[in-house]
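J.: Starting off with a structure, shown below.
See the structure below:
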C-alpha cells in the first residue's frame with residue numbers, strides 16, 4: 345500500500361510510488377484506521393521535521409492503526425520541509441533547532457524580554473502557512489530578494505532557489521529549471537524562515553540540486 349505521506353513544497357500530502365527521502369516529520373495524527381489521510385492534514389501548530397534514524401530506530405512509513413501516536417510524513421530534503429512550514433524536532437534534531445532559535449532571537453530582538461521557544465516559532469509559522477479559511481498562505485517577492493534555500497512556485501511547479509538559479513522540484517530530486525521571466529514570484533517558504541535563511545540558517549538540499557540549473561531570464 346502506497347501511503348499518502350510524501351510532503352511537497354505546498355505542504356500537501358501525496359501518494360508517490362517513487363521518491364527520495366531525507367527527513368521524516370509529523371503534524372499530529374492525520375490518518376484514520378484504514379491508513380487514509382483525513383480531510384484536515386494537520387492537528388495543532390507543532391509541525392516538525394525529524395531525523396530518519398534516532399536512538400537506533402530506523403523510522404518507517406507505518407501509519408499505525410492503534411495506538412495512534414502521529415502520522416509519519418516524509419520530505420525530499422530540508423528545503424522542502426521548510427517550504428512546507430516544518431521546523432526541526434527538539435528531540436532528534438536538537439542542534440538544528442538550537443541554531444534556529446538563536447537566529448530567531450536576532451530577527452525578533454526588538455522588544456524581546458526572554459529567549460525564544462519552539463512554541464513561539466510554531467505559533468508564528470502557523471499564521472504564515474495557513475490562512476483563516478484553512479488554506480495554504482503564500483506571498484509574492486522578487487527573486488533577487490530571496491535567499492538560497494527558498495522555494496517559489498509557478499502554477500503547479502515548485503522551484504528551489506539554489507546558487508542563484510532555479511531547480512524544478514520533483515519527489516525524486518531536482519531537475520534543471522525552465523527559464524522564468526523576471527517579476528514577482530509566489531513564495532512557498534514562510535516569511536519567517538526566509539528571514540532565517542537570509543541570516544545564515546543552514547539548509548540541506550538533495551544532491552540533485554548541485555547539477556546544472558537554468559538561470560531565470
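In my numbering, the protein residues as written are 345 to 561. Backbone N, C-alpha and C fix where the C-beta goes; we use that ideal spot for every residue, glycine too. On a predicted model such as this, the values are computed, not experimentally measured, just so you know.
1. Report yes if the CB atom of residue 386 is closer than 7 Å to the CB atom of residue 371, and no otherwise.
2. Can you name, in chain order, every residue of its own chain whose Cβ lies under 8 Å from the Cβ of residue 362, other than the five neighbours on each side?
3. Rounded to whole angstroms, what's the CA-CA distance from residue 357 to residue 445? Just pull it up for me.
4. What number of angstroms, rounded off, separates the C-alpha of residue 454 from the C-alpha of residue 448?
5. I need the boundaries of the alpha helix (DSSP H) containing residue 451, first residue and last residue.
6. Spell out a yes or no on whether the segment 387-399 and the segment 423-435 are touching, meaning 3 or more CB-CB pairs, one atom from each, closer than 8 Å.
7. Looking at the secondary structure, which residues open and close the beta strand (DSSP E) in which residue 520 lies?
8. What first and last residue would you give for the beta strand (DSSP E) that runs through residue 346?
T.: Let me lay it out:
1. yes
2. 515 and 516
3. 27 Å
4. 11 Å
5. 438-451
6. yes
7. 517-520
8. No beta strand (DSSP E) contains residue 346, which DSSP labels as neither H nor E.
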